[in-house]
Structure formats: structure tokens, C-alpha cells
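Q:
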Amino acid sequence: MAYAVLNSTIAGLSSTASITTVFEEVSKYNVQLNVFERLWASWYLWMQNDTIATGIMSFVMHEIVYFGRSIPWMIIDAIPYFNKYKLQNTKVPTWKEQWECAALVLLSHCTVELPQIWLFHPIATYFGMDYGVPFPAAWKIAMQITIFFIIEDAWHYWFHRALHYGPLYKTIHKLHHTYSAPFGLAAEYASPIEVMLLGFGIVGSPIVWVSLTGELHLVTMYLWIVLRLFQAIDAHSGYDFPWSLRHILPFWAGADHHDLHHERFIGNYASSFRWWDYCLDTEAGEAASKKRRDKKLAEIRAKKAQ
Numbered sequence: 001m002a003y004a005v006l007n008s009t010i011a012g013l014s015s016t017a018s019i020t021t022v023f024e025e026v027s028k029y030n031v032q033l034n035v036f037e038r039l040w041a042s043w044y045l046w047m048q049n050d051t052i053a054t055g056i057m058s059f060v061m062h063e064i065v066y067f068g069r070s071i072p073w074m075i076i077d078a079i080p081y082f083n084k085y086k087l088q089n090t091k092v093p094t095w096k097e098q099w100e101c102a103a104l105v106l107l108s109h110c111t112v113e114l115p116q117i118w119l120f121h122p123i124a125t126y127f128g129m130d131y132g133v134p135f136p137a138a139w140k141i142a143m144q145i146t147i148f149f150i151i152e153d154a155w156h157y158w159f160h161r162a163l164h165y166g167p168l169y170k171t172i173h174k175l176h177h178t179y180s181a182p183f184g185l186a187a188e189y190a191s192p193i194e195v196m197l198l199g200f201g202i203v204g205s206p207i208v209w210v211s212l213t214g215e216l217h218l219v220t221m222y223l224w225i226v227l228r229l230f231q232a233i234d235a236h237s238g239y240d241f242p243w244s245l246r247h248i249l250p251f252w253a254g255a256d257h258h259d260l261h262h263e264r265f266i267g268n269y270a271s272s273f274r275w276w277d278y279c280l281d282t283e284a285g286e287a288a289s290k291k292r293r294d295k296k297l298a299e300i301r302a303k304k305a306q
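Residue 6 in the UniProt record's numbering sits at position 6 of the sequence shown, with consecutive numbering throughout.
(1) Helix, strand or coil for Tyr-239? Go by DSSP, reduced to three states.
(2) Does DSSP put His-176 in a helix, in a strand, or in coil?
(3) As a quick exercise: from Lys-304, Val-65, Leu-106 and Thr-220, pick the residue whose alpha carbon is nearest that of Phe-148.
(4) Using the C-alpha atoms, what's the distance from Arg-228 back to Phe-273?
(5) Arg-38: buried (16+ other C-beta within 10 angstroms of its C-beta) or exposed?
(6) Mapping DSSP to helix, strand and coil, what is His-164?
(7) Closer than 8 Å by C-beta to Gln-98: which residues in its own chain qualify, once you throw out the five before and the five after it? Chain order, please.
(8) Any idea what DSSP makes of Lys-91, helix, strand or coil?
(9) Hey, how far is the Cα of Ser-205 from the Cα of Thr-16?
(10) Any idea which residues DSSP pairs His-261 with across the strands?
(11) Mark Ala-2 as exposed unless 16 or more other C-beta atoms lie within 10 angstroms of its C-beta, in which case mark it buried.
(12) Where does the unbroken alpha helix (DSSP H) through Ile-71 begin, and where does it stop?
(13) So Ser-18 is in the alpha helix (DSSP H); what residue range does that whole segment cover?
(14) Is His-236 near Leu-198, with beta carbons less than 8 Å apart?
(15) Just checking, does the region 125-139 make contact with the region 25-43 on the three C-beta pairs under 8 Å criterion?
(16) By the three-class DSSP mapping on this structure, what secondary structure does Asp-153 have?
(17) Is it buried or exposed, Tyr-157, if we count other Cβ atoms within 10 angstroms and call 16 or more buried?
(18) Is Asp-294 helix, strand or coil when you go by DSSP?
(19) Within its chain, find whatever has a CB closer than 8 Å to the CB of His-176; leave out the 5 residues flanking it on each side and keep chain order.
(20) According to DSSP, simplified to helix, strand and coil, what is Asp-277?
(21) What residue range is occupied by the uninterrupted alpha helix (DSSP H) comprising Pro-122?
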């Protein structure tokens, strides 16, 4: 962002000017920007501290998206009609379980994730992240988010699979498996170590990307985080509808994929896609187990026939 130019538009304003006044001045001299870009610029100019501005915006966005996306699943759990779409329909979470889960998740957000959110801006801008206006082209945002989904999915698969190794499972990952029938709020119900370890795939992938390419905008980062939060919460929802994304994109993991992981406590380690589990034979469920049994029987028969 040409902050020197934008700053000149409000140079004569008082240091106590309201954000509304700043927005009016930015809008007056920067008509080429859309409304969202003007609001974005006004926020940073009004705050006069980029790290604090990004930190506040990031934390508030994370809380609104996480709990805002979880609330519809809480409502669905309370309506008997939707029970026919629930994957483990004999295990509906109680309100007590949901509120206890929400309390621990909120505590984790305020103690474990908040410092990381606060440090993100200086680290990411050091490696070349832009946070100015105008925003990048839509095609570039879509391309980068697609790449982040693929990279994060690989990271999640290998580290999630490692967390199911005996000692690591008992000391780190077991907390996340408190609920054998997951629900939306439980997406980030995990130990601090797991939050940081798996969270690095979400936050670290874009930082590695910008350090190599020099191209990343904060708004792309935000859209990526929002989509990844939706994916995680929906995967833990416990519901599979006829219109769920996995019925449109066969390689999309979806709730049925992750629900089996919680039910069986093993297999289906990937986050967003099915290909790692398929290629490395770590799929969970009866169909996958039958496939493995048939394969072994075929191998035994082949040896006997020799």
C-alpha cells in the first residue's frame, strides 16, 4: 500500500479523529478503491500500528468465524429432524458437553493461540507479506488458497498420523479424541502442543510460500483461514447431507471421513482430501477393512498356487 499517499489524505486530521472521519477522507481521495478496500485502509490508518491492527482484526475474525460456524451445528443437534443425517445418530452431544468443550476451546484461543496471532504480522511481513490496498486479483487469491489446502493437507496427514503413535497419542492427541462422535465445537478441542503442531501447517504454509515467492496478501491469508476453519468445523460436525461437498468432489474428505476416524480412533488421518489415506492404505471403515482382507487373501491364495 502506498501509505505515504494515503496518510497525506488525513495529515490534517486530529490524532483523535474517529475511524468514520478517516474513512470519509480516504473515500474522498481514493475513489478507485472499493468499499472493503477503503474500510481496510481506514482501519490501518486509524490504528497507526500495523501489528496491533492486524492482531485485533485476526483474533476477532477467528472467534467470530469459529463460534459463528459452530452455532448452526449446535442448533441442528437440537432438532430431531436432522438426526437421520447424523453419522453416529445414537450419540448426540448434550448441551453440557458442548458448553464444556466451548469453554476449553475459548481458553485455548486466549492463552495458546492469541500470542501466535499477535506474532504473525511481524513474522509474515518480515518474509514479504503485503497488507495494503488494492487487494490481489481474485484468480491469484484462489490459486494460492488451493496451494495452501494441498500443502496443509500433506502436513496434517503426516503429523496427525504420528500423533497416533503410542506415547504421542497418550500425552498429546488423546484429549482431541475425548468425543468418539465429534461435533462442530470440538474441531479445536486439543492440547496446546497439538494446536501449535498442526496449526503450523495452516499458518506456516503461507509464510513458507511468501518467503519463496514474495507474493502473499493478508486478505488472502484471512480467506484461507476462514475456509480452513469451515472445513475443520464441518468435518467434525458429525453430519453427512446429500448436498455435502464430498458428494460433489469425490476427493474431498468431508464429515464422513473424519467421523470414522473418531469412531475407530485410527485411519483417515488427512484433513481436507482423501488421496493420502487412499494411496498409503490408511483408510478407515468397513469397506477399507474388507478391501485389505481381500487383498491379503488373494496374496495367500497366490502363494499357495505357486
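Just so you know, even glycine gets a beta-carbon here, dropped at the ideal spot from N, CA and C.
Since this is a predicted model, take the numbers as computed values, not measurements.
A: By the coordinates alone:
(1) strand
(2) helix
(3) Thr-220
(4) 12 Å
(5) buried
(6) coil
(7) Met-74, Asp-77, Phe-183 and Leu-185
(8) coil
(9) 39 Å
(10) Paired residues: none, contrary to the question.
(11) Any reading at Ala-2 must be qualified, since the residue scores a pLDDT of 46, below 50, and its modelled position is unreliable; no value is offered.
(12) 50-77
(13) Premise fails: Ser-18 is in no alpha helix (DSSP H) and is neither H nor E.
(14) no
(15) yes
(16) helix
(17) buried
(18) helix
(19) Ala-186, Tyr-189, Ala-190, Ser-191 and Glu-194
(20) helix
(21) 114-126
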